[in-house]
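First comes the structure, then the notes that go with it.
Numbering (my numbering), first residue to last: 399 to 520.
Structural data, given as structure tokens:
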């Protein structure tokens with residue numbers, strides 16, 4: 399039972415474009431995580447602006463950071479109804495889809511403007 403996914407981004411407006419314009423997931427709220435709470439949870443002693451994007455049963459807590467941590471293996475997989483539409487929107491915003499051949503299948507991965515990795519199925 400998934401409640402939400404937390405991601406780190408470095409550009410608030412590009413996060414909005416990615417979630418709202420490309421994926422169609424609207425922003426439902428914004429808040430500031432206090433430096434005390436950020437330190438208690440993440441070990442980072444800084445106040446951080448956070449926005450939540452939600453559609454149906456999926457929510458993303460997006461932390462607007464001053465700089466991005468190193469890339470890791472973490473990724474989020476989304477099931478969409480129209481994969482081709484997502485591909486077209488990515489290209490229109492300058493995002494480069496990564497299509498990976500796996501046997502007979504083509505896997506689709508995209509990175510948002512801050513480097514978070516998304517696998518798109520559908």
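We put the beta carbon where it would ideally sit given N, CA and C, even for glycine. Every value quoted in this text rests on a predicted model; they were computed, and no experiment measured them.
Take the Cβ of residue i as the centre, count every other Cβ of all protein chains shown within 10 Å, and call the residue buried at 16 or more, exposed below.
i: residue 407; result: buried
i: residue 413; result: buried
i: residue 400; result: exposed
i: residue 426; result: exposed
i: residue 423; result: buried
i: residue 484; result: buried
i: residue 508; result: buried
i: residue 435; result: exposed
Give every residue of the same chain whose Cβ lies closer than 8 Å to the Cβ of residue i, excluding the five residues on either side of it in the sequence, and list them in chain order.
i: residue 519; result: 475, 476, 477, 478, 481 and 506
Go through its chain and collect everything with a Cβ distance to residue i's Cβ below 7 Å, but skip five positions before and after it.
i: residue 432; result: 445
For residue i versus residue j, is the C-beta distance shorter than 8 Å?
i: residue 420; j: residue 487; result: yes
i: residue 448; j: residue 440; result: no
i: residue 405; j: residue 514; result: yes
Starting from the N-terminal side, write out each stretch of the beta strand (DSSP E) that is 3 residues or longer and does not extend beyond the region 417-463. 425-431, 446-453 and 456-462
Note down, one range per segment and in chain order, each beta strand (DSSP E) of at least 3 residues found wholly within the region 473-497. 474-477
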